[in-house]
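Quick notes on the structure that follows.
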């Protein structure tokens, strides 16, 4: 389709008077007639400044109504970075622990967390549980999109809010349990 369009545009240009000239060897040379003049650098900058004033202003994000897809996409990326970053940090700390004299083995961690007040335990669990559940559930949502399902605007909004709701409920349940 694109090659047909290019061909049609070429024919239109060839038909334009004064645009195409034929050379003796049968070659077609296209030329564009434009008035030009030599200007100084300051004059050219002034011309550009005047042209910029006439350009339309590009719409900014603030004129659009925020949608769940914006927030869910951003939060999905943020939770992915937080979860993988936390995993890498803990992994490197676990590997360096024997050399640095840290005690990151399971019994030491369980004993340390057991000494925390209940509020701190719930807050720590919720801090890890919400990103985990949100990223996991939103990942399932994206996998259904990969199958070509759920692309209607209404469905996208419903699944977005469903992921948020299920993430909050799941995070609270697992933060309060045990």
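Numbering (the working numbering), first residue to last: 1 to 178.
By construction, the Cβ of each residue, glycine as well, lies at the ideal position given by its N, Cα and C atoms.
By alpha-carbon distance to residue 66, the top candidate from 50, 157, 126 is 157. Less than 8 Å divides the Cβ of residue 138 from the Cβ of residue 76. Secondary structure note for residue 125: its alpha helix (DSSP H) is the uninterrupted segment 118-146.
Residue 81 and residue 56 have their C-alpha atoms some 38 Å from each other. Residues 76, 79, 80, 83 of the same chain have their beta carbon placed closer than 7 Å to that of residue 135, with the five preceding and five following residues left out of the count.
By the beta-carbon neighbour count (other beta carbons within 10 angstroms, threshold 16), residue 90 is exposed.
In this structure, 175 is the residue among 175, 8, 85, 34 with its C-alpha nearest to the C-alpha of residue 118. By the criterion of at least three beta-carbon pairs nearer than 8 Å, the region 120-132 is in contact with the region 164-173. Assignment of beta strand (DSSP E) within the region 24-100, counting only whole runs of 3 or more residues, yields 28-30 in chain order.
Ranked by how close their Cα comes to the Cα of residue 143, the residues 159, 88, 86, 5 have 159 in first place. Taking 8 Å as the upper bound for CB-CB distance, residue 88 and residue 104 are not in contact here, some 14 Å apart. Check the Cα spacing between residue 131 and each of 69, 33, 164, 10: the tightest is with 164.
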